[in-house]
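*Asks:*
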Ligand SMILES: Cc1ncc(COP(=O)(O)O)c(C=O)c1O
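Numbering (our numbering), first residue to last: 22 to 401.
Structural data, given as structure tokens:
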């Protein structure tokens, strides 16, 4: 199968990820932090080392404020609902995924106000619109780093500057960019960063991270066993225990550990440049075909990771079905959990197929996909 659905979850994973998970499962998959025997300690060490790797990747000071979660959705809910209170105002954008929009929408029921900044037809934000929306009770700005629909890259450094100027906290959804673009939390003044472990970080499904800066304190969304302060009926008030209750996903974290080591040894720039070349090839070749409509920024330097398109006259689900059944190509069709983003780019009624490349996608596979799309368009 030619797998062009890496924006949903990356596949394949590096061999080192699989080996590390098997090693964990066969040698030391005890309950870390709950017991003090040798196996539990090896697991706890692995978890701490992984916190350090995550902190290193995003230039973040405190590994103990790296929280392990189950996916980016879990991280975003933890950040949004743990931070905002009744009477607060939050600003977000129309390019956000439902894992941002829905928690914010839900918080309206407890009196949280929100403003959604409309992005343009290319999926790009005008930063002045964000500045104009800031008011006295604005506590948080939440933006994606890269849109999962259009691949548009958001100016997180400039938005971070704005947040600093107005003393507003900044939460970045790095679901598409973590492991692909450089993210420097200090330089970009990011207070909280949410990322899945299973996409660009190359770990398995069931992993995610939330980095919580020292200027932010989150209310925990769940209480339970932490292996610490066991005689206290209150949830511990220190990180990571405050936000991590219950048995962690040790084999998953082991895989994430190896995924991040793979990225650090290959280098983010080299992964980005590989993916960017393939994406640009897709855009350059497919834009020659008048029957294919490509969405997203016209300026290729403003986009990465994903390419949404339609062939005029074919429903996106049907197109994805043909690609799968006749050409053995995996893509995602329809609406991409980002309803307002589809409105911004005017595809809310038709959806789009999305092709997304990963570190292991080959040039040959992209050429084959281009030929397949051109051939299908001829039959219309
Ligand atoms: C921009 C964006 N945010 C959040 C998510 C949610 O990620 P997860 O599936 O890990 O919960 C996704 C998933 O595709 C995404 O693309």
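Glycine residues also receive a C-beta, built at the ideal position from the N, C-alpha and C atoms.
Could you check whether residue 206 and residue 192 sit closer than 8 Å to each other, using their CB atoms as the reference points?
*Replies:* No; because the gap between Cβ atoms is not below 8 Å, this pair is not in contact.
*Asks:* Between the region 102-116 and the region 160-171, are three or more C-beta pairs nearer than 8 Å?
*Replies:* Because the criterion of three Cβ pairs below 8 Å is met, the region 102-116 and the region 160-171 touch.
*Asks:* With the cut-off set at 8 Å, would you say residue 233 and residue 26 are in Cβ contact?
*Replies:* Not closer than 8 Å, so no.
*Asks:* Who are the Cβ neighbours of residue 341 in its own chain at under 6 Å, not counting the five residues just before and after it?
*Replies:* Within the same chain, residue 341 has close Cβ partners 352, 354 and 374.
*Asks:* Using 8 Å as the threshold, is the C-beta distance between residue 269 and residue 84 below it?
*Replies:* Their beta carbons are not under 8 Å apart, which means residue 269 does not touch residue 84 by this criterion.
*Asks:* If I measure Cβ to Cβ from residue 188 and keep anything under 8 Å in the same chain, skipping five residues before and after, which residues do I get?
*Replies:* Cβ within range, chain order: n/a, list empty.
*Asks:* What three-state label does DSSP hand residue 25 in the structure shown?
*Replies:* Correct three-state label for residue 25: coil.
*Asks:* What residues are listed by DSSP as bridge partners for residue 331?
*Replies:* Answer by DSSP bridge pairing, in chain order: 314.
*Asks:* Could you tell me the alpha carbon to alpha carbon distance between residue 153 and residue 321, rounded to whole angstroms?
*Replies:* Answer to the nearest angstrom: the Cα atoms are 28 Å apart.
*Asks:* In terms of residue numbering, what span does the alpha helix (DSSP H) encompassing residue 135 cover?
*Replies:* Looking at the DSSP string, residue 135 is not in any alpha helix (DSSP H); the run it does join, the beta strand (DSSP E), is 134-138.
*Asks:* Taking the alpha helix (DSSP H) that residue 342 falls in, what are its first and last residues?
*Replies:* Start and end: 337-348.
*Asks:* May I ask you to list the residues that DSSP assigns as paired with residue 89?
*Replies:* Answer by DSSP bridge pairing, in chain order: 230.
*Asks:* Compute the Euclidean distance between the alpha carbons of residue 280 and residue 43, then round it to the nearest angstrom.
*Replies:* So the two alpha carbons sit approximately 14 Å from each other.
*Asks:* According to the Cβ coordinates, are residue 331 and residue 338 closer than 8 Å?
*Replies:* No, Cβ-Cβ distance for residue 331 and residue 338 is not below 8 Å.
*Asks:* Does the distance between the C-beta of residue 219 and the nearest non-hydrogen atom of ligand 1 fall short of 7 Å?
*Replies:* Yes, since a heavy atom of ligand 1 falls inside the 7 Å radius drawn around the Cβ of residue 219.
*Asks:* How many Å lie between residue 22 and residue 160 at the Cα?
*Replies:* Roughly 46 Å between the two C-alpha positions.
*Asks:* Just verifying my parser: in three-state terms, what is the DSSP assignment at residue 357?
*Replies:* In the structure shown, residue 357 sits in coil (DSSP, three-state: anything other than H, G, I, E or B).
*Asks:* What first and last residue would you give for the beta strand (DSSP E) that runs through residue 375?
*Replies:* Note, residue 375: beta strand (DSSP E), 374-377.
*Asks:* Assuming residue 201 and residue 300 form a contact by the criterion Cβ under 8 Å, report the distance between their Cβ atoms to the nearest whole angstrom.
*Replies:* Rounded, the Cβ-Cβ distance is 11 Å, inconsistent with contact.
*Asks:* Helix, strand or coil: which one does DSSP assign to residue 213?
*Replies:* Strand at residue 213.
*Asks:* To the nearest angstrom, report how far apart residue 45 and residue 111 are at their CA atoms.
*Replies:* So the alpha carbons of these two residues sit roughly 41 Å apart.
*Asks:* Report the partner residues of residue 237 according to the DSSP bridge assignment.
*Replies:* In DSSP, residue 237 forms no bridge with anything.
*Asks:* Write down every uninterrupted run of the beta strand (DSSP E) in the region 255-330 whose length is 3 residues or greater and which is fully enclosed by it, in chain order.
*Replies:* For the region 255-330, whole beta strand (DSSP E) runs of length 3 or above, ordered along the chain, are 313-315.
*Asks:* Which whole-angstrom value is the C-beta distance of residue 260 and residue 86, which I expect to be below 8 Å?
*Replies:* Between residue 86 and residue 260 the Cβ distance is about 5 Å, and since that is below 8 Å, they are a contact.
*Asks:* Let me know if residue 216 comes out buried or exposed under the rule of 16 or more other beta-carbons within 10 Å of its beta-carbon.
*Replies:* Buried, since its Cβ has 16 or more Cβ neighbours within 10 Å.
*Asks:* Counting along the chain, where does the alpha helix (DSSP H) carrying residue 49 start and finish?
*Replies:* Counting along the chain, residue 49 falls outside any alpha helix (DSSP H), and DSSP gives it neither H nor E.
*Asks:* In whole angstroms, give me the CA-to-CA distance for residue 315 and residue 308.
*Replies:* Approximately 7 Å, taken between the alpha carbons.
*Asks:* What are the start and end residues of each continuous beta strand (DSSP E) run of 3 or more residues lying completely inside the region 175-199, in chain order?
*Replies:* Here the runs fully enclosed are 190-194.
*Asks:* Could you check the C-alpha separation between residue 137 and residue 198 for me, to the nearest Å?
*Replies:* Near 22 Å, if we compare the C-alpha coordinates of residue 198 and residue 137.
*Asks:* Flag residue 256 as yes if its beta-carbon sits less than 8 Å from any beta-carbon of chain C, otherwise no.
*Replies:* The structure shown contains no chain C, having only a single protein chain.
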